[in-house]
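Peer 1: With the first letter of the sequence shown counted as 1, position 172 gets the number 172 in my numbering; the numbers rise by one all the way through.
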Amino acid sequence: MTDQTPYALTIPEILREVLEHLEFNLKALCSAIRVNRAWSEEGLDILWRSPVEDCSELLASLPEHRRQFYADRICCWILDKSPWKYQNCMLDLEFPRLRRLDLWLAEDSLYFDYQLVPTLEEFRLYNFIPEAEEYLQQLPEYCPNLRKFCVGHSPVRRLEFDQLEIYLKELPKLRALDLNGMSDDTMTDKVFLHLASLPLWELRMQKPVTSEMIDLACERLGSGNLFVNVHFVELKMEWCAAAKLILNLTTLRKLRLDLVSQDTNYRSFQAIGTLTELRNLHLTIAYQTQRSLSREEILAIGQLHELRNLTMLGGGALILDESVTNNDLVSFLSSFPAAEYIYIDAFRSGLIPSQATIALATTSTRLESYTFLANWDLGFAESSTPPLFPKSQTMFYQHLRYQNIPVEGSEARTQKVTELAEAILKQCPSLKDFRSWNTVGKDKFTSELGEAVWHLLYPLLYKS
1 MTDQTPYALT
11 IPEILREVLE
21 HLEFNLKALC
31 SAIRVNRAWS
41 EEGLDILWRS
51 PVEDCSELLA
61 SLPEHRRQFY
71 ADRICCWILD
81 KSPWKYQNCM
91 LDLEFPRLRR
101 LDLWLAEDSL
111 YFDYQLVPTL
121 EEFRLYNFIP
131 EAEEYLQQLP
141 EYCPNLRKFC
151 VGHSPVRRLE
161 FDQLEIYLKE
171 LPKLRALDLN
181 GMSDDTMTDK
191 VFLHLASLPL
201 WELRMQKPVT
211 SEMIDLACER
221 LGSGNLFVNV
231 HFVELKMEWC
241 AAAKLILNLT
251 TLRKLRLDLV
261 SQDTNYRSFQ
271 AIGTLTELRN
281 LHLTIAYQTQ
291 RSLSREEILA
301 IGQLHELRNL
311 TMLGGGALIL
321 DESVTNNDLV
331 SFLSSFPAAE
341 YIYIDAFRSG
351 LIPSQATIAL
361 ATTSTRLESY
371 TFLANWDLGF
381 AESSTPPLFP
391 KSQTMFYQHL
401 RYQNIPVEGS
411 EARTQKVTEL
421 AEAILKQCPS
431 LKDFRSWNTV
441 GKDKFTSELG
451 EAVWHLLYPL
461 LYKS
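#1: Counting only runs of 4+ residues fully inside the stretch 49–80, write out the alpha helix (DSSP H) ranges in chain order.
#2: What beta strand (DSSP E) runs, 3 residues minimum, are completely inside the stretch 339–396?
#3: Using only the alpha-carbon positions, how far apart do D345 and E234 sit?
#4: Please classify Q137: does DSSP put it in a helix, a strand, or coil?
#5: I need the straight-line Cα distance from I74 to L200, nearest angstrom please.
#6: List the whole-angstrom C-beta distance separating V330 from I298, where the pair is believed to meet the contact cut-off of C-beta under 8 Å.
#7: Does I319 come out as helix, strand or coil in the three-state DSSP assignment?
#8: Using the C-alpha atoms, what's the distance from W104 back to F112?
#9: For H282, collect the residues of the same chain with a Cβ closer than 6 Å to its Cβ; drop the 5 residues on either side in sequence, then sort them by chain order.
#10: Round the Cβ separation of Q427 and A381 to the nearest angstrom and send it over; I've been treating them as touching at under 8 Å.
#11: I'd like to confirm the pairing. Which residues does DSSP put opposite C218 in its beta bridges?
#12: If you reduce the DSSP assignment to three classes, tell me which class T418 lands in.
#13: Hey, out of I272, R366 and E13, whose CA is closest to L249's CA?
#14: Under 6 Å Cβ to Cβ from D189, same chain only, skipping five residues before and after it: list those, please.
#15: Does the stretch 360–370 come close enough to the stretch 398–408 that 3 or more CB-CB pairs lie under 8 Å?
#16: Under 7 Å, do R204 and N229 count as touching if we go by C-beta distance?
#17: Please work out which residues of its chain come closer than 6 Å, Cβ to Cβ, to E202, disregarding the five sequence neighbours upstream and downstream, and give them in chain order.
#18: Can you tell me whether V156 is helix, strand or coil according to DSSP?
#19: Would you call S384 buried or exposed, if buried means 16 or more other Cβ atoms sit within 10 Å of its Cβ?
#20: Rounded to whole angstroms, how far is the Cβ of C143 from the Cβ of L116, which I believe are closer than 8 Å?
#21: Using the C-alpha atoms, what's the distance from C150 back to A196?
#22: Quick one: using the 10 Å Cβ neighbour count with 16 as the cut-off for buried, is E419 buried or exposed?
#23: Could you tell me the boundaries of the alpha helix (DSSP H) in which K162 lies?
#24: Distance check for L136 and P208, CA to CA, integer angstroms please.
#25: Could you please give me the residues that DSSP links to V209 through a beta bridge?
#26: Can you check DSSP and say which residues form a bridge with W454?
#27: Considering only their Cβ atoms, is the gap separating C89 from A60 smaller than 7 Å?
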């Protein structure tokens, strides 16, 4: 009995729960299927529901009269570059429960006789070649329920948007587009205008968007009418363009931005503070931009109090400029009471003060994983109010610092390192992973402390 189930689970329900946890452990799931008939029936449904690789060879190895039995269970299928002798066995099969198809094409692939099924809701097309357009032509007629379409990266040839646009217009239920595999010059004024008018919930497209594109879309569609239903956007943009687009994304809950160009207008990104519904922010600042976040911008991000996940990557450059003080940093890390995951790379050149870490822990009581790839003051570990991070299972670090650490090789140093390791585990009682980032052998104290933590943590994780 759990909080979610106010009644005791039956034996079959318990069995199902157990086998669900084995979905991505193929070896364990196959072993469970061999236990008895009941385990086999439940396990087979899970095994064939979402294979993680092309199982055409496995399906072909079954007796011909048994293949349809297993095909009936498949909800997600990956068709890779399997030899024709494996592909051929599937031509006469039906897949009545198929919801997602990942199709990898090559010049010698012979998938073109396959007909897509009406149950399909997600279609991912990789390695686009001329014959692949036969599948695009099938989408409107055979896949009326399609909700997500993905064009994967192709080393051979890129799909042009004009080829795709005529079919997208005939998919009334389409809500998610992943166009990362399209041509580099795909994003034009016309394409952006068309995408902005679609009733999408999710859009992924790592192609540069300019301010001019956004201005034109606002002029044609009206300010505030761009991506009116979108909840998740993944784009590569100039700084000033990002600010303009953000003002039109009032329903956004998940945002992933790669910021490019050498725009030095430090006020351009403060608009992000208006996204009050945002739950997930992934921000990457391209190294070549030579640009960092100002005090005003970092405090604007701090207004996103409902964030669950925050990732900030510097791409080799520092995220914060010199205008951000320690007090600003404490204020920023005190802004996310709902945060569960925080990953910050190359935050600043100076030390991250222990007060900032304590402020984060005191505010973000739900935090399960956090990473600071920067100089990290360990003074927080000796806080008198443990545990600071009761739910945190992972901690990643780059350089750890502690004032007045005894000299290398001394007994006092060994004792102090052990005490700090014990203090970290006391502050993080749920810890399961504690690791450095490219520091082993480069930073002696960091390496010593990491080894000490694992010396204490390993027996707790693997005790008999």
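Using N, Cα and C, we set each Cβ at its ideal position, and we do this for glycine too.
Peer 2: On the basis of the supplied data:
#1: The qualifying runs are 56–60 and 67–71.
#2: 341–345 and 369–377
#3: 19 Å
#4: DSSP places Q137 in helix when its eight states are reduced to three.
#5: When rounded, the distance between both Cα atoms is 27 Å.
#6: With 8 Å as the limit, V330 and I298 do not qualify as a contact, their Cβ atoms being about 12 Å apart.
#7: coil
#8: Bear in mind that a pLDDT of 48 at F112, under 50, signals an unreliable position, so the number given afterwards is only what the model happens to contain. About 12 Å.
#9: R256 and T311
#10: 6 Å
#11: According to DSSP, C218 bridges with nothing at all.
#12: helix
#13: I272
#14: M213 and L216
#15: no
#16: no
#17: A176 and F232
#18: For V156, the pLDDT reaches just 49, beneath the cut-off of 50, and the residue's location in the model is therefore unreliable, although a value from the coordinates is still provided. Looking at V156 - three-state DSSP - the assignment turns out to be coil, as it is neither helix nor strand.
#19: exposed
#20: Separation of the CB atoms of C143 and L116 is rounded to 5 Å, and the pair is thereby assigned contact status at 8 Å.
#21: Roughly 17 Å between the two C-alpha positions.
#22: exposed
#23: As written in the sequence, residue 162 is Asp, which differs from the Lys given in the question. Unbroken alpha helix (DSSP H) run through D162: F161 to L168.
#24: 25 Å
#25: M237
#26: Beta-bridge pairing links W454 to no other residue.
#27: yes
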